[in-house]
Each structure stands twice: as C-alpha cells, then as structure tokens.
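Numbering (numbering that gives the first Met the number 0) for the sequence shown: 0 to 124. Glycine residues also receive a C-beta, built at the ideal position from the N, C-alpha and C atoms.
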Amino acid sequence: MKALNTDKAPAAIGPYSQAIRTGNIVFVSGQLPIIPETGAFPEGGVKEQTRQSLLNARAILQSEGLDLKDVVKTTVFLSDIANFGPMNEVYAEFFTAPFPARCAFAVKDLPKAALVEIEFIAEAK
Numbered sequence: 000m001k002a003l004n005t006d007k008a009p010a011a012i013g014p015y016s017q018a019i020r021t022g023n024i025v026f027v028s029g030q031l032p033i034i035p036e037t038g039a040f041p042e043g044g045v046k047e048q049t050r051q052s053l054l055n056a057r058a059i060l061q062s063e064g065l066d067l068k069d070v071v072k073t074t075v076f077l078s079d080i081a082n083f084g085p086m087n088e089v090y091a092e093f094f095t096a097p098f099p100a101r102c103a104f105a106v107k108d109l110p111k112a113a114l115v116e117i118e119f120i121a122e123a124k
C-alpha cells in the first residue's frame, strides 16, 4: 500500500491520505472544493465547487501518472439534491465515454459546509 500526496491538491483535513494505491487500484479520498493555494472555496455555487473538486482529484491522479480517463468509479456527495443538475453539467465537461460508474446522493452536511465532495477509484494500466 502506498500513500499518495501532492501539494497541487488540498492537504487532508483529518487522519487520512489524499489517496492510496494498492496494486493497480488508486482510491482517492473525497475531494472538497478547496483551492490548494488559498485554502478557500471558489466563489460562486455548486458548479464552481464541482469544478474545483474535480481539479483537485485530477491533480492527485496526475501525481501518480494517471488522469480522469483512468477513473472507473466516482461517488458524488451533495449538500442538496437540487444541486444535482448543475453538478452534472460540470461533471460532464471532465469525463468522456466510457464514463466511470457513479453514485450521487444528498447528505445532511459536508465538511466546511461544502456543497459537493467527490471521491474516486481509478485503475492504473
């Protein structure tokens, strides 16, 4: 098992790794929409936060020589299911067919009052 860490994505805010690689599988922890350089959320709403969460995850994958095309599964946590449509619009900008499997649902609260958090599972070829 190998812990992955890059300063191009926000540091973990608790006792967990940005990602773990075991064999050919990479598990990327849930990515909040934190801008690594400032520690703040991007201005705007769920679209801007979704974009930042995806950029953070991509940076972690790239630190291991992977990219979003290697993602096989995502889980999207939303603070409000009404944000599903806007999140989905931005999400669609980052992935091409064959799309990863995905689960998306609303939760009561997210850390730091985020509107979205996204976790990933990727496969290294």
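L77 and A100 do not touch by the CB rule: their CB atoms are close to 17 Å apart, not below 8 Å. Runs of alpha helix (DSSP H) with 4 or more residues, each lying fully within the stretch 79-111, are found at 83-93, listed in chain order.
Counting C-beta atoms within 10 angstroms of its own C-beta, P110 has fewer than 16 neighbours from the protein chains shown and is therefore classed as exposed.
Collapsing the DSSP output to three states places E47 in a helix. Per the DSSP secondary-structure output, F26 pairs in a beta bridge with I19 and I120. For the set D6, M0, G43 and I120, the Cα lying nearest the Cα of L65 is the one of I120. Following the DSSP letters along the chain, one finds L3 inside the beta strand (DSSP E) bounded by residues K1 to L3.
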